[in-house]
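With our numbering applied, the first sequence covers 151 to 571.
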Amino acid sequence: MLDLKFIRENAALVKNGIAAKGADDNIDAILEGDEKRRALIQEGEGLKAKRNEVSAQIGKMKKAGEDAAAVIKEMDSVKIRIQEIDEELKVTEEKLNELLLTVPNIPHPSVPQGKTPDDNQSIFEWGEKRTADFQLRPHWEIIEKLGIIDFERGSKVSGAGFPFYIGKGAMLQRALINFFLDQAAERGYKELQAPIVVNEESARGTGQIPDKEDLMYVAARDNLYMIPTAEVPVTNFHRKETFEEKELPVKYAGYTPCFRREAGSYGKDVRGLNRLHQFDKVELVKFVHPAVSYDELETLRGDAERLLQLLGLSYRVLLMCTGDMGFTQTKKYDLEVWAPGQQRWLEVSSCSNFETFQARRMNIKFKSRETGKPEFVHTLNGSGLALPRVVAAIIEQYQTPEGKVVVPKVLHPYTKFTIIE
RNA sequence: GGAGAGGUGUCUGAGUGGUUGAAAGAGCCGGUCUCGAAAACCGGUAUACCCGUCAGGGUAUCGAGGGUUCGAAUCCCUCCCUCUCCGCCA
């Protein structure tokens, strides 16, 4: 959420930013609502000041044994008017707040202008795309042959997109999770095991509501949301809290299952592990000082990249353009791993700066050493990494002509086996 | 799930309708004292919003939301959370 005052004072800037994201703005309606709101506040507070004054006077009169009936009667009309104004103010503020929640974050100046994914900039590529003198197969063929992931039984038990991981398939994934968490710990992220269902306020805090409600599974009876990413509980961990400046940056790594409805995304890119309703992910979350948040974004990206390098998976880094960035971010990098069996890139991480957008919704501040006053922190997060697509990439990258899979060396201490056959 | 107790400022903890944004103590910051420190003493020590160029003024906030009242931390209702006991249970 953007600051109302900021919008008031920088209306043109905000409008341009929203336009760059390819969205329609409702800034004029917001400004109008804001003006109405302030007018009501002024009138209401004036009357309340009067009421307080008279009430104090009545108290004194009663103490002195005087009859205050006449003065009390006089306050009747004031009381009614205050009620009217409060009611109107409440309605006005609710409307305004709703509008405010639909305003997207505005892009950082370093973000390239663009409308579609084609306008994203590929800024870095690492590793050689694997080639072989035999036909490289997509991971789902290898998986089926090896019997390490079972999609059909998953469908029977839960539905499409909820696979079982079996034997070495399960162990490989577990090894990756531990590897990711250990690496994160080495880089100063504190491990956090989080709830995987959250209440409405939390979903609102990180911006899934109202923008992306259809993304989530809802346990309606208990009014709980299944998390689409650990970002939600981990960032909300510090909701309504104030850090000391010297505590920053605060960094967490959270491993959780993630649930996404993926409504309307049926098509060619959903085969195998490419797109699931439930998947595992290690998420990195940072709370940082506003002055360094873009540096922190770079190191966050570096932390995620490092994992792919250690696994020996070729990948590229995309700097997302204004139009493909999403509602809450000011700047975002995607890491895409190369899947040689499919001859395509798979997104395995998304590293974003939200500046104060989430911090405002969640009221997360730090006490500035300079001013002694609380200011909003900047929040960042990035996957480190999303599991199924990494598994897919490993299977395709490390496949042998016989359809076996060699386990990347860094995982050997975790898997205790070196080949899946 | 049942029965009971309770939620007050950074913390401990007073306060059951009328200068209570809220006693007192602790902590923290500043000052006096000291060669310096400790102790002692003095002063300060919330957040948000509105008006105002500033100085400053105002409103709201004692778990959350409603209600009663001229006036609510204090009375009533609903919800949330914590603790104790019972039941159930990985």
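The beta carbon of each residue, even a glycine, is placed where N, CA and C say it ideally should be.
I need the straight-line Cα distance from residue i to residue j, nearest angstrom please.
i	j	result
Ala403	Asp226	58 Å
Thr449	Lys401	12 Å
Gln323	Arg303	18 Å
Leu239	Leu197	14 Å
Ser499	Ala189	47 Å
Cys501	Asn202	52 Å
Ile222	Ile208	8 Å
Gln459	Tyr405	20 Å
Ile168	Ile256	6 Å
Lys515	Ser205	37 Å
Asp474	Asn270	8 Å
Ala370	Val347	12 Å
Gly309	Phe301	9 Å
According to DSSP, is residue i helix, strand or coil?
i	result
Arg280	coil
Lys431	strand
Met211	helix
Tyr548	coil
Glu275	strand
His258	coil
Thr266	coil
Asp445	helix
Pro407	strand
Met376	strand
Leu468	strand
Lys240	helix
Lys229	helix
Glu497	strand
Val420	helix
Pro554	Per the sequence shown, the amino acid found at residue 554 is Lys instead of Pro. Three-state result, Lys554: coil.
Glu575	Because the chain spans 151 through 571 in this model, residue 575 falls outside it and cannot be assessed.
Val253	coil
Ala325	helix
Ala369	strand
Arg287	coil
Arg451	helix
Glu203	helix
Thr521	coil
Given a cut-off of 9 Å, decide if residue j and residue i are closer than it, judged by their beta-carbon atoms.
i	j	result
Lys436	Asn531	yes
Ser260	Lys481	yes
His439	Glu395	yes
Thr472	Ala170	yes
Gly311	Arg421	no
Leu296	Val555	yes
Val384	Ala325	no
Gly491	Pro313	no
Pro254	Ala179	no
Thr242	Lys186	yes
Leu434	Ser352	no
Val541	Gly319	yes
Thr568	Val557	yes
Ser443	Asn503	yes
Arg337	Asp453	yes
Kindly identify the DSSP beta-bridge partner or partners of residue i.
i	result
Asp300	Phe314
Lys566	According to DSSP, Lys566 bridges with nothing at all.
His528	Val438
Asn503	Lys481, Leu530
Thr392	Lys515
Trp637	What the structure shows of the chain is the stretch from 151 to 571, and residue 637 is not part of that stretch, so it cannot be assessed.
Glu341	Ala403
Ala536	Lys431
Val347	Met376
So, at 7 Å on beta carbons, what are the nonlocal neighbours of residue i in its own chain, with the 5 sequence-adjacent residues on each side left out?
i	result
Arg410	Leu365, Pro378, His427
Leu251	Met151, Pro360
Glu237	none
Asn328	Tyr564
Lys212	Ala218
Ala413	Asp364
Go through its chain and collect everything with a Cβ distance to residue i's Cβ below 6 Å, but skip five positions before and after it.
i	result
Asp430	Pro407, Leu537
Ile232	Leu197
Ala509	Phe526, Val527, Thr529
Glu497	Asp484, Glu486
Tyr315	Ile299, Gln323
Considering only residues of the same chain and omitting the five flanking positions on each side of residue i, which have a CB-CB separation below 8 Å?
i	result
Asn349	Asn373, Leu374, Tyr375
Lys229	Arg201
Thr281	Pro490
Asp153	Thr506, Arg510
Ile292	Gly491, Ile545, Glu546, Gln549, Gly553, Val555
Asn176	Leu249, Thr252, Val253
Under 8 Å from any heavy atom of the ligand SAM, does the C-beta of residue i make it?
i	result
Gln271	As far as ligands go, the structure on display features none, and thus does not contain the ligand SAM.
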